[in-house]
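Take the sequence shown: its letter number 80 is residue 69 in the numbering used here, and every next letter is one higher.
Even glycine gets a Cβ: it sits at the ideal position worked out from N, Cα and C.
Right, one structure below, let's go through it.
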Amino acid sequence: LTEYLGSLVLTARSGLRSPELSRDFLAADAAELDTKSGRQWRSLQDTADDASHLYSAADEWEDRRRAVDFYPEGVLLWLGADTIIRQQTNGQRSIDDFCHAFHGGQSGPPMVKTYTFDEVIQTLNSVAPYDWRKFWLTRLHSTSAHAPVNGIEAAGWKLVYSDKRNLPLDLGAKEKKRCNERFSIGLLFDEDGTIVDVVANSPADVAKLAPGMKIVAVNSRAYSVERLREAIKETARPEAAPIELIVTNSDYYETVRIDYHGGLRYPHLERIEAQPDLLGSILAPHAR
């Protein structure tokens, strides 16, 4: 809930981020969670239970292992809860009312106040009657091939992909000097060509690329980030050939071919015109 309010809702309401940028942050998180193969065997609750190990885990093989996904996925879950509250009350209540009821209280000095799962459910039901216990238990303890994007769709938007770059993804990659092409060929790699992670069953995975390998050539020319991105872009042409890479694997050189034909792909949110724009209402400032 703190992540939902802090990284999405309040940053938009306060004007720290524009609505468009906020949507791109949400799209980036949703898309990364949606492509992680580890969610097929590991529940969200298990990532929280194992947080002490996952905080310091290496970035390599994260796709199959998962990370501290309870942070970004928590945003999706509380967005889903927010939209349900709004729908169940015909727009009269929202997550704001839950926060007032659950976190509000008498003024006084700082104090530690614990709570239980049952108290969360009871407070949610007092705000908007619903099967909240099933809502949370299903999403926390089950496994699924896809991220819970129902809240995004209920809020009047849908996750889509285009060749337009996603600024939050670019900023995150730039900070670590990396390139994120997981949504096209399935690769996350350092700017020097070292592969950090490979999305399971992606074109790169089918080509038998793996973390630790290093790309040294793209289509018979010396590797560069721009050259690889241009090669990915060219795959959108009907007559395009597979991308040919030369990679080093320890002391060995290998030639691999990535059979991909979808061009550049980056996540964004697109309006569902037939539905009310609840996301716009959620991100809108209360005071004008």
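Can you tell me whether DSSP reads residue i as helix, strand or coil?
i: residue 256; result: strand
i: residue 221; result: helix
i: residue 262; result: coil
i: residue 14; result: helix
i: residue 166; result: coil
i: residue 188; result: coil
i: residue 33; result: helix
i: residue 247; result: strand
i: residue 67; result: helix
i: residue -3; result: helix
i: residue 216; result: helix
i: residue 269; result: helix
i: residue 42; result: helix
i: residue 195; result: helix
In the DSSP output, which residue or residues are listed as bridge partners for residue i?
i: residue 311; result: With the chain covering -10 to 277 only, the question about residue 311 has no answer from this structure.
i: residue 109; result: Its beta-bridge partners do not exist; DSSP assigns none.
i: residue 181; result: DSSP, once it has assigned bridges, lists no residue as partnering residue 181.
i: residue 241; result: 238
i: residue 176; result: 170, 187
Would you mind sorting residue i into buried or exposed? The rule is 16 or more other CB atoms within 10 Å of its CB.
i: residue 169; result: buried
i: residue 257; result: buried
i: residue 51; result: buried
i: residue 104; result: exposed
i: residue 11; result: buried
i: residue 149; result: exposed
i: residue 18; result: buried
i: residue 30; result: exposed
i: residue 5; result: exposed
i: residue 69; result: buried
i: residue 38; result: exposed
i: residue 131; result: exposed
Compare the Cα-Cα distances from residue i to each of the options and report the closest residue.
i: residue 233; options: 226, 244, 227, 223; result: 244
i: residue 122; options: 102, 132, 109, 25; result: 109
i: residue 63; options: 78, 32, 193; result: 32
i: residue 154; options: 119, 28, 43, 252; result: 252
i: residue 152; options: 2, 30, 218; result: 218
i: residue 89; options: 76, 80, 116; result: 116
i: residue 181; options: 18, 246, 213, 193; result: 213
i: residue 49; options: 220, 202, 249; result: 202
i: residue 228; options: 161, 239, 249, 237; result: 249
i: residue 76; options: 261, 235, 260, 143; result: 143
i: residue 200; options: -7, 177, 111; result: 177
i: residue 13; options: 72, 57, 161; result: 161
i: residue 163; options: 175, 179, 44, 171; result: 179
Please report whether the beta-carbon of residue i lies at a distance below 7 Å from any beta-carbon of chain D.
i: residue 22; result: Included in the structure is just one protein chain, with no chain D present.
In the stretch 82 to 160, which residue ranges form an unbroken beta strand (DSSP E) of at least 3 residues, counting only runs that do not cross its ends? 146 to 151
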